[in-house]
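Engineer: In the working numbering, the protein residues as written are 20 to 166.
Quick reminder that beta carbons are idealized off the backbone N, C-alpha and C, glycines included.
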């Protein structure tokens with residue numbers, strides 16, 4: 020279940036390492052077994068449109084801060100959800116202290132703030148930490164409404 024900052028992802032199915040760019044069209048797949056790969060990346064004010072805008076799947080945005088205890092709790096849970104929903108969502112993490120324009124754009128009043136985007140449009144919003152099963156349920160329910 021590995022994702023490194025360099026953009027290398029270990030396939031959950033076959034265990035092979037794959038390079039996954041922060042911004043690309045479509046959905047990343049394993050070069051070996053062709054399974055959908057979890058897509059977890061970071062973005063900021065300068066590159067958010069490119070990173071979040073080209074994704075084929077829905078974009079799950081984690082607006083967080085380094086000083087926020089609940090943010091540190093929800094981060095691993097969101098990564099687990101990204102693995103479980105590989106091919107359906109792209110997780111984009113945004114540090115609001117380094118990206119004040121995005122915090123303002125999305126009207127962040129508390130952290131963590133979680134957004135589900137479809138073609139750049141906010142289709143669901145949630146504030147506060149939750150367990151991985153609760154977050155997965157929230158994402159799946161939000162996606163079901165969009166179908």
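1. Can you give the Cα-Cα distance for residue 28 and residue 58, rounded to whole angstroms?
2. Return the CA-CA distance between residue 161 and residue 122, expressed in angstroms with no decimal places.
3. So the candidates are 77, 46, 68, 131; which of them puts its Cα closest to the Cα of residue 158?
4. By the DSSP assignment, the alpha helix (DSSP H) with residue 164 in it spans what residues?
5. Do the segment 102 to 111 and the segment 61 to 80 make contact, defined as three or more Cβ pairs closer than 8 Å?
6. Out of 34, 84, 145, state which residue places its alpha-carbon closest to the alpha-carbon of residue 118.
7. List the DSSP bridge partners of residue 37.
8. Run through DSSP, which three-state label would residue 147 get?
Structural biologist: Result, derived from the coordinates:
1. As a position in the chain shown, residue 28 is number 9, starting the count at 1. As a position in the chain shown, residue 58 is number 39, starting the count at 1. The alpha-carbon atoms of residue 28 and residue 58 are separated by roughly 8 Å.
2. Here residue 161 refers to the residue found at position 142 of the chain shown. Here residue 122 refers to the residue found at position 103 of the chain shown. C-alpha separation (whole angstroms): 22 Å.
3. Against the chain shown, residue 158 aligns to sequence position 139. The shortest C-alpha separation from residue 158 is found at 77.
4. Indexing the chain shown from 1 puts residue 164 at position 145. Residue 164 -> alpha helix (DSSP H) spans 151 to 165.
5. yes
6. Here the question's residue 118 lines up with position 99 in the chain shown. Ranking 34, 84, 145 by Cα distance to residue 118 puts 84 first.
7. Indexing the chain shown from 1 puts residue 37 at position 18. Answer by DSSP bridge pairing, in chain order: 28.
8. Within the chain shown, the letter at position 128 stands for residue 147. Coil.
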